[in-house]
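Everything on this sheet refers to the single structure shown next.
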Amino acid sequence: MRADRGAARAYAPHRDQVLGLIGGGARPRRLDGVPARSRPRSRRAQHPRRHRVGACRGPRSAPCDQGRRGRLRKVLDVGAGRRRRRGDAGALPSGSVIERLRAELAAAADPLKAAGMQAYMKSATPYRGVNLPQVRAISRGVFDAMPATCDEWRETVLELWRGARYREERYAALMLARSKRHRDCLTPDSMPMLEEMVVTGAWWDYVDEIAGLAGDLLRKHPKQIRPRMRAWSTDVNMWKRRVSIICQLSFKRETDLELLYANIEPNLSDREFFIRKAIGWALRQYAWTDPKEVARYVRAHDSQLSGLSRREALKNILPRSRGKVTRRAAPGRKGAPHRSTRTTELLR
0 MRADRGAARA YAPHRDQVLG LIGGGARPRR LDGVPARSRP RSRRAQHPRR HRVGACRGPR
60 SAPCDQGRRG RLRKVLDVGA GRRRRRGDAG ALPSGSVIER LRAELAAAAD PLKAAGMQAY
120 MKSATPYRGV NLPQVRAISR GVFDAMPATC DEWRETVLEL WRGARYREER YAALMLARSK
180 RHRDCLTPDS MPMLEEMVVT GAWWDYVDEI AGLAGDLLRK HPKQIRPRMR AWSTDVNMWK
240 RRVSIICQLS FKRETDLELL YANIEPNLSD REFFIRKAIG WALRQYAWTD PKEVARYVRA
300 HDSQLSGLSR REALKNILPR SRGKVTRRAA PGRKGAPHRS TRTTELLR
C-alpha cells in the first residue's frame with residue numbers, strides 16, 4: 000500500500016510551464032523576439048512591485064493583475080481536483096462503493112489463477128484470481144469516489160471485511176484501512192476494529208498487514224498503544240500475540256527494545272510455528288540496526304529460543320548463505336565445521 004507516484008510523474012511534464020508563469024522560466028520575449036527587458040524604461044518613478052515580469056501597467060493594472068492571479072491559482076492549485084473528490088458532492092455511499100469494488104474485481108477475475116492462489120494460501124475463502132497490484136489499482140480507483148469522513152471510512156472497512164466473499168475483498172479492506180487519504184482516521188479508537196480483524200482474519204497474510212497498522216499507532220501514540228501490545232503478548236489468541244511481537248518491524252533505531260523483549264519472553268516456550276517465526280523475524284529485523292545486541296540476546300536466551308527463532312534471528316549476522324558454516328580444520332577433528340569468525344566474535 001505504498002503511495003502512488005504516478006500523479007507526480009504525470010505532473011512533471013507541466014513543471015516548466017508552471018515555472019514560466021510564476022517567473023521561474025526563461026526571460027519573456029515580445030512577438031518580434033526582442034527581450035522584454037531591452038525595451039526603454041520610463042523615467043518616472045514606479046512602485047517596486049511594477050518591475051516584476053509581466054506586471055500590468057496603466058490605470059487598469061489592478062483588474063488585470065487580479066485576473067492573472069486568478070489564472071495562476073487555477074494552474075497551481077494541483078490539489079483542487081482531489082479536494083473535490085473528497086467532498087460529499089458526487090461521492091458514493093459505502094454500499095455503492097463496495098458493490099462497485101466487487102464488480103470490478105469480478106471483471107478482473109482469472110479462475111485459473113484463483114485455484115493456485117487458494118491452494119498456496121491454504122485458504123477456506125476462495126480467490127477471484129486477481130493479483131495484488133490489480134487489487135491495489137482497483138481499490139484506489141473505487142475508494143477515491145467515497146466520502147472522506149472517518150465514520151464512512153470505518154463503516155466501509157468493517158462492512159467490506161465482514162461481508163467478504165473472496166479473499167481479495169479483505170485485501171481491499173486492508174488497503175482502505177491503510178490509505179493515506181484517511182491516515183488521520185487511524186487513531187487509538189481504531190484498536191477495537193483492528194482487534195476484530197486480527198481475530199476473525201486469523202491467518203498470516205491478514206495479520207501481518209494489521210500488525211503494520213498497529214505499529215503505526217504505536218509510533219504515534221505510544222502511551223495508549225504500548226499497554227495494549229503488552230496485554231496482547233499474553234493473550235490466549237495466537238494472532239494477537241504475533242502482532243505484539245512484529246508490530247515494530249519497521250522501527251529500526253526507534254525500536255522500543257524493552258517492549259520488544261517484554262513481548263517476546265512470555266512466548267519463548269510457545270511451540271506454535273507462527274509465534275516462533277515471529278520471534279526470529281522481529282530479532283532479525285532489529286539485527287540490521289544493532290547486530291551485536293541481537294547476538295547478545297540470542298546468547299542470553301539460547302536455551303529458551305527454539306531452533307527456528309534462533310536461525311531467523313541470526314540470518315542478518317551469519318553469512319548471507321543462511322547460516323552456512325565455514326569449514327576449517329580444528330584440533331582433533333579434521334575438517335570439522337566452524338562458524339565464521341565474525342559470528343563467533345558476536346556470540347562470545
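For reference, each letter of the sequence shown is one residue, going 0 to 347 in numbering that gives the first Met the number 0. Just so it is clear, CB atoms sit at the ideal spot from N, CA and C, and this is done for glycine as well.
Where residue i sits in the DSSP three-state scheme
| i | result |
| --- | --- |
| residue 350 | Nothing can be reported for residue 350, as the shown portion of the chain is limited to 0 through 347. |
| residue 363 | The question about residue 363 has no answer here: the residues shown for the chain are numbered 0 through 347. |
| residue 292 | helix |
| residue 272 | helix |
| residue 140 | helix |
| residue 95 | helix |
| residue 124 | coil |
| residue 236 | coil |
| residue 129 | coil |
| residue 177 | coil |
| residue 229 | helix |
| residue 160 | helix |
| residue 303 | coil |
Cα-Cα separation between residue i and residue j, rounded to whole angstroms
| i | j | result |
| --- | --- | --- |
| residue 83 | residue 281 | With a pLDDT of only 35 at residue 83, under the threshold of 50, the placement of this residue in the model should not be trusted; the figure read from the coordinates follows. Going from the Cα of residue 83 to the Cα of residue 281 covers about 42 Å. |
| residue 212 | residue 104 | 24 Å |
| residue 187 | residue 97 | 25 Å |
| residue 253 | residue 246 | 12 Å |
| residue 160 | residue 168 | 7 Å |
| residue 158 | residue 229 | 29 Å |
| residue 279 | residue 266 | 12 Å |
| residue 26 | residue 223 | Note on residue 26: pLDDT 37, under 50, position unreliable in the model; the coordinate value appears next. Each residue's Cα considered, the two are about 56 Å apart. |
| residue 251 | residue 148 | 33 Å |
| residue 311 | residue 275 | 9 Å |
Minimum C-alpha distance to residue i - residue among the options
| i | options | result |
| --- | --- | --- |
| residue 178 | 145, 202 and 164 | 145 |
| residue 141 | 259, 172, 126 and 149 | 172 |
| residue 111 | 130, 223, 184 and 170 | 130 |
| residue 232 | 298, 225, 299 and 243 | 243 |
| residue 306 | 285, 269 and 191 | 269 |
| residue 293 | 271, 275, 259 and 273 | 259 |
| residue 285 | 109, 314, 304 and 189 | 314 |
When the Cβ atoms of the region 136-143 are set against those of the region 208-221, are three or more pairs found closer than 8 Å?
-> no
Could you tell me whether the region 235-255 touches the region 189-198, using the rule of 3 or more Cβ pairs below 8 Å?
-> yes
Do the region 144-154 and the region 113-121 touch if we need at least three Cβ pairs shorter than 8 Å?
-> no
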